[in-house]
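Everything below concerns the one structure shown next.
In our numbering, the protein residues as written are 26 to 944.
What follows is the structure, given as structure tokens:
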């Protein structure tokens with residue numbers, strides 16, 4: 026702490042007061058964290074051993090006056106629920122979970138009413154009248170039960186308040202507002218009992234009505250002095266929010282009509298280097314902060330560098346971005362427990378078991394995503410052998426799985442696995458014991474000598490304390506008796522919990538939140554996340570009291586909140602010499618927002634002594650968004666190609682090469698397949714397989730027979746059963762009785778039905794039809810002088826039929842296909858354009874079936890289920906937009922073989938590498 030700091034001046038004032046009076050000096054600061062810094066400053070001003078005065082935070086001081094202890098918000102909810110149960114008729118009572126949703130905001134309103142010493146009856150009467158006026162024009166018969174309940178709620182508010190207030194007062198505990206109101210009531214008695222004490226208030230800015238009354242009372246008795254940290258430039262500027270509260274107090278307090286206002290400074294106008302830095306995202310800011318610290322510490326002491334995090338979620342990325350040269354750091358902020366990885370594990374457990382009980386309490390049905398979230402968590406995956414289990418879930422397409430089936434397929438008897446997945450008991454206390462056992466198991470496997478494990482242990486301990494606190498709540502209050510209630514209570518508790526880190530407050534790099542920076546001064550200040558909605562925080566209205574009513578009654582609104590943030594921001598800059606202001610340049614996203622108004626204000630109101638610079642840092646982007654991948658054909662690649670040629674090239678293999686040679690290389694040469702995952706919704710390829718399978722099963726009994734209308738009618742009767750069977754076969758354990766999958770099932774039925782109706786109509790019109798093959802594999806050994814060795818072409822043909830004496834090869838497509846995509850004009854374009862993939866597939870089929878049929882003319886084509894009205898769409902050759910042929914003969918096959926030979930020679934050509942095609 027440098028000699029120019031505010032706390033150094035306060036320490037001098039304390040010493041002066043101690044030397045010149047017989048009073049016992051008591052110092053009151055805005056928060057507890059400033060205490061240790063003031064004591065350190067006091068050490069630097071004393072010349073001989075001296076007693077350090079008693080130093081209290083404002084909340085501790087007010088509690089001393091009131092003689093009432095503060096309790097946490099969850100305990101307040103329970104106490105309020107006890108009162109609610111006493112004064113509410115049984116038929117109107119809600120469960121604790123329902124009550125907690127609205128009671129939290131109501132307690133906050135009670136708190137504000139009391140802190141600002143308002144008459145509660147007047148406030149609640151005002152609110153009730155407003156709600157009644159909103160519905161003044163409703164006739165009695167138009168008033169619904171919901172409206173009556175709503176108005177009754179407003180009528181009950183004063184009863185809730187008075188009963189809750191009396192209940193807490195009788196127990197000697199309360200929320201902040203109650204303590205403040207009681208402190209004001211007890212002020213005369215307190216001052217009479219503390220005649221030998223002198224109270225020094227230091228570093229305050231915004232005071233509520235109760236605080237103002239207490240301070241002014243002590244000032245009027247000459248039992249107190251208040252030292253402000255106010256900048257003259259903001260005090261004299263009637264529009265600047267940084268001086269909003271200072272101007273108000275200086276004008277309204279009668280004390281300042283006869284006494285000077287202490288203290289007013291001009292530190293902000295001194296020389297400062299201010300760097301404004303914009304960069305995308307949180308990680309970018311964290312990396313830049315690491316570089317700034319590394320450069321600063323070459324010339325500055327680490328304890329004079331403060332990093333103020335506008336957003337607490339930046340804490341972990343920041344820790345990983347600090348340079349290795351930072352040997353000591355002091356973290357004077359609590360990391361929110363809800364971002365804690367151990368908390369995420371416990372939340373995943375609650376989600377898994379709560380949802381399982383909700384679906385079916387007896388069968389205890391798990392959802393696959395809940396299982397995978399747990400198995401793949403960083404505190405589970407390294408300690409449990411679960412890869413085979415994940416593979417089984419994906420392979421069998423388990424969407425929902427009963428607890429019994431899950432244990433059967435897991436075949437895992439590890440104690441940790443049992444703790445995670447065994448059925449939860451019905452009693453909350455027993456559930457908490459099981460969760461605590463999980464945390465203790467994790468603690469046992471972590472190593473204290475490992476730095477990352479030590480951080481994890483801090484996270485673990487914070488959640489362990491939360492669960493122990495929950496046990497205390499459940500033992501003391503009998504209101505939480507269901508899993509749902511426990512989950513709601515856990516979420517309430519974890520929102521309040523923080524992870525505390527140990528550190529030496531007076532040494533090393535200082536990392537803190539905005540509120541922790543109050544009354545502290547540093548030479549070098551780095552502030553992050555200066556975006557609207559973060560710093561300053563956005564407008565939030567978690568209150569039953571409307572904005573206009575708050576203004577009318579003198580309660581704080583977002584205007585006062587903005588003024589508080591403005592003061593904190595400018596106070597951080599006040600005595601700093603090197604200032605770095607970082608913001609996220611991304612205006613959209615989870616952690617984004619417009620550039621903070623504070624940055625704009627600094628730029629617009631630039632002071633002559635401020636050296637201001639504004640830089641934007643972006644990641645270095647390549648000139649090309651993506652360099653195409655190129656792979657040379659090595660001997661092993663050629664060897665693999667020979668193997669493929671011997672086993673057979675399928676039409677899809679050849680079209681994959683045309684589409685993208687690199688895709689061909691990865692999928693066919695290296696055999697890299699996509700990761701198998703659970704299909705929660707029917708995928709397009711699975712949908713196609715189901716329709717193909719259903720048609721095959723329906724037509725197979727009638728193969729090599731002359732088709733008749735009665736056969737098709739028989740198929741129509743079996744349609745629904747067969748489609749359901751195919752769904753079960755392909756989708757395995759997937760859920761098809763509801764949601765998108767039920768729609769997919771109905772669409773599949775409709776597609777098959779429409780096709781059979783189409784077939785029936787053609788037969789009725791006199792078509793002579795015989796189905797010869799269904800889903801049949803064919804292969805063709807192709808020996809050609811143009812090829813270096815024989816090539817096998819193989820594939821699966823959906824259907825071969827003889828219709829009206831013509832052999833026809835049919836390929837089913839569940840997607841939409843137009844006739845235009847089956848037409849060709851120039852043969853030399855066939856293998857150069859992927860839009861010809863369907864033509865290549867059909868002509869490959871024609872080539873493959875040659876040895877099996879003597880027909881000189883063959884029709885090949887597609888039936889598209891989304892374009893069924895077009896019927897059978899044959900392959901066509903066009904000249905000047907006129908169809909000149911739509912059957913395959915020896916000439917067509919010869920032209921096709923010429924093009925196919927060129928394609929295969931290119932695939933085997935070692936001088937032509939596999940090169941990625943970027944669309």
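Glycine is no exception: its CB is placed at the ideal position from the N, C-alpha and C atoms.
Query: What's the gap between the Cα of residue 490 and the Cα of residue 709?; Result: 49 Å
Query: Quick one: grab the DSSP three-state call for residue 800.; Result: strand
Query: Rounded to a whole number of angstroms, what is the C-alpha to C-alpha distance between residue 103 and residue 574?; Result: 29 Å
Query: Going by the beta-carbon positions, is the gap between residue 362 and residue 99 smaller than 8 Å?; Result: no
Query: Can you tell me whether residue 26 is buried or exposed, with buried defined as 16 or more other CB within 10 angstroms of its CB?; Result: With a pLDDT of only 45 at residue 26, under 50, the local geometry of the prediction cannot be trusted, and no value is derived from it.
Query: If we count Cβ pairs, one from each stretch, closer than 8 Å, do we get three or more for the stretch 857–865 versus the stretch 786–796?; Result: no
Query: Let me check you understand the geometry: is the CB of residue 61 closer than 7 Å to at least one non-hydrogen atom of the ligand ATP?; Result: This structure simply doesn't include the ligand ATP, nor any ligand for that matter.
Query: Going along the chain, which residues of its own chain have a beta-carbon closer than 8 Å to the beta-carbon of residue 663, five neighbours each way excluded?; Result: 933 and 935
Query: Please confirm if the stretch 549–561 is in contact with the stretch 609–628, defined as three or more CB-CB distances below 8 Å between the two stretches.; Result: yes
Query: Exposed or buried, residue 697, counting other C-beta atoms within 10 Å across all chains shown (16 or more means buried)?; Result: exposed
Query: Go ahead and pull the three-state DSSP assignment for residue 31.; Result: helix
Query: By alpha-carbon positions, which one of 181, 209, 187 and 62 ends up nearest to residue 140?; Result: 209
Query: Starting from residue 903 and walking both ways along the alpha helix (DSSP H), at which residues does that stretch end?; Result: Element bounds for residue 903: not the alpha helix (DSSP H) but the beta strand (DSSP E), 901–904.
Query: Determine the contact status of residue 751 and residue 718, defining contact as a CB-CB distance below 8 Å.; Result: yes
Query: Across which residues does DSSP place residue 358 in a beta bridge pair?; Result: DSSP lists no partner for residue 358.
Query: Where residue 105 and residue 319 are concerned, what is the direct C-alpha to C-alpha distance, given to the nearest angstrom?; Result: 51 Å
Query: Considering Cα atoms alone, identify which of 620, 817 and 173 is closest to residue 679.; Result: 817
Query: Roughly how many angstroms separate the alpha carbons of residue 473 and residue 198, rounded to a whole number?; Result: 40 Å
Query: Hey, is the stretch 881–891 in contact with the stretch 802–814, meaning 3+ C-beta pairs nearer than 8 Å?; Result: no
Query: Would you identify the three-state DSSP class for residue 26, choosing helix, strand or coil?; Result: Low local confidence applies: a pLDDT of 45 at residue 26 is under 50, so the model's placement there is unreliable, and no value is given.
Query: Sorted by chain position, which residues of the same chain lie with C-beta nearer than 6 Å to residue 376's C-beta, five sequence neighbours on each side aside?; Result: 395
Query: Based on the DSSP output, what are the partners of residue 635 in its beta bridges?; Result: 297
Query: Name the residue from 748, 780 and 877 whose alpha carbon lies nearest to the alpha carbon of residue 804.; Result: 877
Query: Threshold first: 4 residues or longer. Then list the alpha helix (DSSP H) segments lying entirely within the stretch 315–368, N to C.; Result: 340–346
Query: Since residue 257 and residue 289 are thought to touch, with beta carbons under 8 Å apart, how far apart are those beta carbons, to the nearest angstrom?; Result: 5 Å
Query: What's the gap between the Cα of residue 150 and the Cα of residue 568?; Result: 16 Å
Query: Using 10 angstroms around the beta-carbon of residue 785, count the other beta-carbons present and answer buried if the total reaches 16, otherwise exposed.; Result: buried
Query: Roughly how many whole angstroms lie between the Cα atoms of residue 49 and residue 249?; Result: 11 Å
Query: Would residue 225 and residue 52 be called neighbours here (beta carbons separated by less than 8 Å)?; Result: yes
Query: Look at the alpha carbon of residue 928 and the alpha carbon of residue 942, and state the distance between them as a whole number of angstroms.; Result: 16 Å
Query: Which class does residue 608 belong to by DSSP, given the choice of helix, strand or coil?; Result: strand
Query: Measuring only the C-alpha atoms, how far is residue 80 from residue 37?; Result: 15 Å
Query: List the residues that DSSP assigns as beta-bridge partners of residue 836.; Result: 887
Query: I'd like to know if the stretch 439–449 and the stretch 418–426 are in contact, where contact means that at least 3 CB-CB pairs between them fall below 8 Å.; Result: no
Query: Mapping DSSP to helix, strand and coil, what is residue 910?; Result: strand
Query: Would you call the CB atoms of residue 675 and residue 819 closer than 8 Å?; Result: yes
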